[in-house]
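Single-structure report; data block below.
Number of protein chains: 2
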Amino acid sequence: MTTEPQTMHADEERVRAFMNRVWNAGDLSAIEEFVSTRYTIHSDPGDPWDGQELDREGFKQRLVASRAAFPDLEFEIDDVVCQDSRVALSWTMRGTNSGSLAGHAPSGSRIEAKGLTIYYVDAGRLTGHRQVVDRLAIVQQLRLTR
Amino acid sequence: MTTEPQTMHADEERVRAFMNRVWNAGDLSAIEEFVSTRYTIHSDPGDPWDGQELDREGFKQRLVASRAAFPDLEFEIDDVVCQDSRVALSWTMRGTNSGSLAGHAPSGSRIEAKGLTIYYVDAGRLTGHRQVVDRLAIVQQLRLTR
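Protein chains in written order, with my numbering: chain A, 1 to 146; chain B, 147 to 292.
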């Protein structure tokens, strides 16, 4: 809220570029550039891959599944905190549920939800994350029965 | 995940002490020491005070209401990221729902949920936060009907 750094931290730059290229544009060919060969989901309640270690193929499958449910998926970054190879992101996701999600037929609903993530970065590549998504907001907007 | 700082950042120390004294111990007399006269909840979906500016009396009411629903409420800190007066915390909350919550009778359930918060700190006092709580986990464990 007070002092802004003069130059953006290299890890913050990498995570912002990762969010744009990989999550927002859905560019599968960018995974190798941004994601480590071993990617650990330390904690991500409700995510089908919570607690798992993914190789790049696993990461690709997770991205494809997420974007299949919401093909116009977009993350807007609200704030960033960066220290010692960790980058915390506060974000808002928006997307239209035009593909099936966890066995539910597409609802066509436009949804918006908040989340916060800590990404772990090593030598410019992401090695994993901790994340909390406001899943209740998504469930309510999709009118799922949990 | 790699380098640990030799000394803990002063803002991180303050936020850790705030979590212990104010949230875990429920020490109302500590609010003046840790919380600014104006505390802004920038974003906290589902929180009754989401989007509001609180004075210390308002902050106290929010604390009292939260701990009334879960008198043994406790936050365990899983990771911290600190930069330029912002402190991001990944945490796990645990508590027994032995008081009423948002008009629902006490369920007696023991609950556990993850959350992530960015706290804003100015001269040692907290001026506000952004937060995402895994509300769906809480709703499911309390068997609420939303």
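Built from N, CA and C at the ideal position, the CB exists for glycine as well.
If you drop the 5 nearest sequence neighbours on each side, which residues of the same chain put their C-beta closer than 6 Å to that of A:ASP44?
As a position in the first sequence, residue 44 of chain A is number 44, starting the count at 1. Answer for A:ASP44: ASP50, GLN131, listed in chain order.
For B:ASP173, tell me which candidate among B:THR238, B:SER182, B:LYS206, B:TYR185 has the shortest Cα-Cα distance.
Position 27 of the second sequence holds residue 173 of chain B. B:ASP173 has its Cα closest to that of B:LYS206, out of B:THR238, B:SER182, B:LYS206, B:TYR185.
Cα-Cα, which of A:GLN141, A:ALA10, A:ARG125 is closest to A:ASN108?
Within the first sequence, the letter at position 108 stands for residue 108 of chain A. It should be noted that the sequence gives Gly, not Asn, for residue 108 of chain A. Per the Cα distances, A:GLN141.
Along chain B, which residues have their Cβ under 9 Å away from the Cβ of A:PRO45?
Indexing the first sequence from 1 puts residue 45 of chain A at position 45. In chain order: ALA259, LYS260, ASP280, LEU282, ALA283.
At which residues does the beta strand (DSSP E) containing B:ARG167 begin and terminate?
Here residue 167 of chain B is taken as the residue at index 21 of the second sequence, counted from 1. Per DSSP, B:ARG167 belongs to no beta strand (DSSP E) and is neither H nor E.
Quick check for students: name the residue ranges of the beta strand (DSSP E) that lie wholly in the stretch 23-96 of chain A, counting only runs of 3 or more.
Within the stretch 23-96 of chain A, the complete beta strand (DSSP E) runs of at least 3 residues are 35-43, 74-83, 86-96.
With DSSP as the reference, label B:ASP293 as helix, strand or coil.
Coverage of chain B is limited to positions 147 through 292, which leaves residue 293 of chain B absent and any answer about it impossible.
Quick check: what's the CA-CA separation for B:ILE264 versus B:ARG232?
The residue labelled residue 264 of chain B in the question sits at position 118 within the second sequence. The residue labelled residue 232 of chain B in the question sits at position 86 within the second sequence. Looking at the two C-alpha atoms, the distance is approximately 6 Å.
Is there a Cβ from chain A that is less than 9 Å from the Cβ of B:SER236?
The sequence position of residue 236 of chain B within the second sequence is 90, counting from 1. Yes, because at least one Cβ of chain A sits closer than 9 Å to the Cβ of B:SER236.
Alpha carbon to alpha carbon, how far is B:ARG208 from B:PRO194?
Position 62 of the second sequence, counting from 1, holds the residue named residue 208 of chain B. Position 48 of the second sequence, counting from 1, holds the residue named residue 194 of chain B. Their backbone Cα atoms lie some 9 Å apart in a straight line.
When Cβ atoms are compared, which residues of the stretch 196-208 of chain B fall closer than 7 Å to chain A?
Of all residues in the stretch 196-208 of chain B, none has a Cβ within less than 7 Å of some Cβ in chain A.
In three-state terms, what does DSSP make of A:ALA105?
As a working note, residue 105 of chain A is residue 105 in the first sequence. Coil at A:ALA105, not helix or strand.
Mind the definition here: the stretch 82-97 of chain A touches the stretch 215-227 of chain B only if three or more C-beta pairs lie below 8 Å; say whether that holds.
Short answer: they touch.
Looking at the secondary structure, which residues open and close the alpha helix (DSSP H) in which B:ARG281 lies?
Your numbering for residue 281 of chain B matches position 135 in the second sequence. From DSSP, the alpha helix (DSSP H) with B:ARG281 extends over 281-288.
Looking only at C-alpha atoms, which of A:LEU116, A:THR127, A:VAL35 sits nearest to B:TRP237?
Your numbering for residue 237 of chain B matches position 91 in the second sequence. That would be A:LEU116, whose Cα lies nearest to the Cα of B:TRP237.
Taking 7 Å as the limit between beta carbons, can you name the residues of its chain near A:ARG135, skipping five residues before and five after?
For the purposes of this step, residue 135 of chain A is taken as the residue at position 135 of the first sequence. GLY46.
Who pairs with B:GLY274 in a beta bridge, going by DSSP?
Within the second sequence, residue 274 of chain B is the residue found at index 128, counting from 1. Answer is B:THR186, B:TYR266.
Are the beta-carbon atoms of B:HIS155 and B:HIS275 separated by less than 9 Å?
Along the second sequence, read from residue 1 onward, the residue named residue 155 of chain B stands at position 9. Along the second sequence, read from residue 1 onward, the residue named residue 275 of chain B stands at position 129. Taking 9 Å as the Cβ cut-off, B:HIS155 and B:HIS275 do not qualify as a contacting pair.
State the CB to CB distance for the pair B:GLY245 and B:PRO217, rounded to an integer number of angstroms; the pair is presumed to be in contact (CB under 8 Å).
Translated into positions along the second sequence, residue 245 of chain B becomes position 99. Translated into positions along the second sequence, residue 217 of chain B becomes position 71. Confirmed, Cβ separation roughly 6 Å.
Name, please, each residue of chain A whose Cβ falls closer than 7 Å to the Cβ of B:GLN229.
Position 83 of the second sequence holds residue 229 of chain B. Going along chain A in sequence order, the residues near B:GLN229 (Cβ under 7 Å) are VAL81, CYS82, GLN83.
Give me the Cα-Cα distance between B:ARG162 and B:GLU178, rounded to the nearest whole angstrom.
Stepping through the second sequence from its first residue, residue 162 of chain B is reached at position 16. Stepping through the second sequence from its first residue, residue 178 of chain B is reached at position 32. Taking the straight line from one Cα to the other gives about 16 Å.
To the nearest angstrom, how far is it from the Cα of B:ILE284 to the Cα of B:ARG167?
What you label residue 284 of chain B is simply residue 138 of the second sequence in a count that begins at 1. What you label residue 167 of chain B is simply residue 21 of the second sequence in a count that begins at 1. Looking at the two C-alpha atoms, the distance is approximately 24 Å.
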